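In what follows, a structure is listed as structure tokens, so that the remarks can point back to it.
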Amino acid sequence: MSRTYVLFFSTNHAMWAEQVLVARGIAAKVVAVPRHLSSDCGYCLEIPATAAAAAAAILRSSAVEFDRIGG
Amino acid sequence: MGSSCGPTGPEPGAAAERVIYLDNAATSWPKPPEVLAAVQHYLLEVGANPGRAGHFRAAEAGRLVFRARRAVADLLGLHNPMRVVFGANATWGLNQAIAGLLRDGDHAVTTTLEHNSVLRPLHRLQEEGRITLTVVRAAGDGYLDPDEVRRAVQPGRTALVAVTAASNVCGTIQPVAEIAARCRTLGVPLLVDAAQAAGAVDLDLARDGIDLLAFAGHKGLLGPTGTGGLVLADDFDAARLRPLTVGGTGSRSDSVRQPDFLPDVLESGTLNVAGLAGLAAGIDWLHGPGGGPEAVGRHELGLRRRFIDQATARVEGFQVAGNPAGPAVGVVSFTVEGLSPSDLGQGLAREFGVLGRQGLHCAPLAHETLGTFPVGTLRFGFGPFNTAGQVDLAVAALAEICRQERP
Numbered sequence: 050m051s052r053t054y055v056l057f058f059s060t061n062h063a064m065w066a067e068q069v070l071v072a073r074g075i076a077a078k079v080v081a082v083p084r085h086l087s088s089d090c091g092y093c094l095e096i097p098a099t100a101a102a103a104a105a106a107i108l109r110s111s112a113v114e115f116d117r118i119g120g
Numbered sequence: 002m003g004s005s006c007g008p009t010g011p012e013p014g015a016a017a018e019r020v021i022y023l024d025n026a027a028t029s030w031p032k033p034p035e036v037l038a039a040v041q042h043y044l045l046e047v048g049a050n051p052g053r054a055g056h057f058r059a060a061e062a063g064r065l066v067f068r069a070r071r072a073v074a075d076l077l078g079l080h081n082p083m084r085v086v087f088g089a090n091a092t093w094g095l096n097q098a099i100a101g102l103l104r105d106g107d108h109a110v111t112t113t114l115e116h117n118s119v120l121r122p123l124h125r126l127q128e129e130g131r132i133t134l135t136v137v138r139a140a141g142d143g144y145l146d147p148d149e150v151r152r153a154v155q156p157g158r159t160a161l162v163a164v165t166a167a168s169n170v171c172g173t174i175q176p177v178a179e180i181a182a183r184c185r186t187l188g189v190p191l192l193v194d195a196a197q198a199a200g201a202v203d204l205d206l207a208r209d210g211i212d213l214l215a216f217a218g219h220k221g222l223l224g225p226t227g228t229g230g231l232v233l234a235d236d237f238d239a240a241r242l243r244p245l246t247v248g249g250t251g252s253r254s255d256s257v258r259q260p261d262f263l264p265d266v267l268e269s270g271t272l273n274v275a276g277l278a279g280l281a282a283g284i285d286w287l288h289g290p291g292g293g294p295e296a297v298g299r300h301e302l303g304l305r306r307r308f309i310d311q312a313t314a315r316v317e318g319f320q321v322a323g324n325p326a327g328p329a330v331g332v333v334s335f336t337v338e339g340l341s342p343s344d345l346g347q348g349l350a351r352e353f354g355v356l357g358r359q360g361l362h363c364a365p366l367a368h369e370t371l372g373t374f375p376v377g378t379l380r381f382g383f384g385p386f387n388t389a390g391q392v393d394l395a396v397a398a399l400a401e402i403c404r405q406e407r408p
């Protein structure tokens, strides 16, 4: 299954997003940020690429801040 | 163990059998076994620094911190857990709010019931000529009049009102929602010191209209010492708070500029992850075996009333500081006519293993208000694991010490 990444400004936001997305049935998993996406230390969420739009909508409606989805 | 009037709890262990710990207003003890297990789990099986590395142990540490953030947010009626900022204690949270919000030329309002963790940061700014300060006098029974607070606000100049939710000296619960309503009408942020109230009083920032709230993790929330912090209401503009500390956050590491988003903007440096893991477990205990903060509060208030009733009946010259019967957390301060609180406290600890705290409790203006300055009082703080039987033993010990000490 093709995967994509949700990037955050902070690990704290990634942890919140993981909880919110998993509770809504999206297989989200905290992983280290791939180097090709960011030089920042910390984490992002790995999600199924097919769930990208749904994840974005859920995070926005839950007021969970994120940087971007992709990569 | 447990008692007929409140939540049940774990067997406190052999050490607890040697003492009757009534100093929960300073820090709670014993802690639920789940708290110890959570601390041990982090130290033995996780051990990494949250947000400072890409490996799975660091991610797990991040989850433990988030769990504590979520637990505090849920407890205090916040939607956004990022608005829970952790620090070492309530004092840190109060300093962050006061020094972070006030600007040169501002006016602030506080009250005579406050702990020095509110009074000293404000007094220092006043002494430096940076702010002006009005200290509202509480009534002699230990309660604030919300309209007195409102009258102290100077429209256009007052930038902060800081009040305690419950006195750390006499336990009286303050009308925080009524004060908040007045502050909201006047457009002045309200900072609440919930060091004594959190875990025993139902506090909800959204419902009550509180802007900023400082909490201790190690008192009513049953976590380890070294935990606490500041909570910002969902509608409070975080940009108004200048960070007390800046530094590493594990975020925006490509920049030398402090991040501008919560919690990172106010939360630099490695957190006390072991303590926060324990704090989350302590809050879980409150909601589970503890029966909820209100049930715990009722239990502790029941013990306070039992102590006051029995000591009044059995100890000659026993006098409660503040209102003995009004809304209160499980904290009581008292004197016995003709005897020094210090001698009483030391005698009870030495002879009977009854542990309270004598003196001024870092709240000199509260003692002045209550008429117990400068000698102070002996304070008992009841916790969720104290029992009616322990109260009875403490009263008997107090009566015996008074008999021995009287000339």
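As they're listed, the protein sequences go chains B and R. Position one of the first sequence corresponds to residue 50 (the numbering used here), numbered consecutively onward. Position one of the second sequence corresponds to residue 2 (the numbering used here), numbered consecutively onward. Idealized CB from N, CA, C, for every residue including glycine. Since this is a predicted model, take the numbers as computed values, not measurements.
Check: Under 8 Å between the Cβ atoms of Ser29(R) and Gly221(R)?; Outcome: yes
Check: Counting Cβ pairs closer than 8 Å, one from the segment 281-301 of chain R and one from the segment 73-84 of chain B, do we hit at least three?; Outcome: no
Check: If you draw a straight line from the alpha carbon of Glu268(R) to that of Phe87(R), how long is it in whole angstroms?; Outcome: 7 Å
Check: Just checking my contact of Leu192(R) with Val162(R) at CB under 8 Å: how many whole Å lie between their CB atoms?; Outcome: 7 Å
Check: Could you list which residues in chain R have their beta carbon closer than 7 Å to that of Gly91(B), in chain order?; Outcome: Gly52, Gly251, Ser252
Check: To which residues does DSSP link Val337(R) through a beta bridge?; Outcome: Phe319(R), Leu340(R)
Check: May I have the straight-line CA-CA distance separating Asp142(R) from Leu371(R), to the nearest angstrom?; Outcome: 7 Å
Check: Using a Cβ cut-off of 9 Å, pull out every chain R residue sitting near Val82(B), in sequence order please.; Outcome: Gly55
Check: Answer with yes or no whether the minimum CB distance from Thr53(B) to chain R is below 8 Å.; Outcome: no
Check: Return the chain-ordered list of same chain residues with a C-beta closer than 8 Å to the C-beta of Val316(R), the five sequence neighbours on each side being excluded.; Outcome: Val337, Val396, Leu399, Ala400, Cys403
Check: Less than 8 Å between CB atoms is the rule here; does His80(R) satisfy it with respect to chain B?; Outcome: yes
Check: Taking Cβ positions only, does Arg109(B) come closer than 8 Å to chain R?; Outcome: no
Check: Give the C-beta separation of Ser59(B) and Asp265(R) to the nearest angstrom, bearing in mind that I take them to be a contact with Cβ-Cβ under 8 Å.; Outcome: 5 Å
Check: Quick one: give me the first and last residue of the alpha helix (DSSP H) that Arg70(R) is part of.; Outcome: 57-76
Check: Just mark Phe57(R) as buried or exposed, buried being the case when its beta carbon has 16 or more other beta carbons within 10 Å.; Outcome: exposed
Check: Is His108(R) helix, strand or coil by DSSP?; Outcome: strand
Check: Relative to the C-alpha of Ala326(R), which residue among Ala314(R), Thr165(R), Asp310(R) is closest?; Outcome: Asp310(R)
Check: List the residues of chain R whose Cβ lies closer than 8 Å to the Cβ of Ser85(B), in chain order.; Outcome: Reading the sequence as shown, one finds His at residue 85(B) and not Ser. The contacting residues do not exist; His85(B) stays about 14 Å from chain R at best.
Check: Between the beta-carbon of Ala59(R) and the beta-carbon of Ala278(R), is there less than 8 Å?; Outcome: no
Check: What first and last residue would you give for the beta strand (DSSP E) that runs through Ile284(R)?; Outcome: Taken as a continuous stretch (DSSP letters only), Ile284(R) belongs to no beta strand (DSSP E), being part of the alpha helix (DSSP H) at 274-288.
Check: Taking the continuous alpha helix (DSSP H) assigned at Gly390(R), which residues delimit it?; Outcome: 389-406
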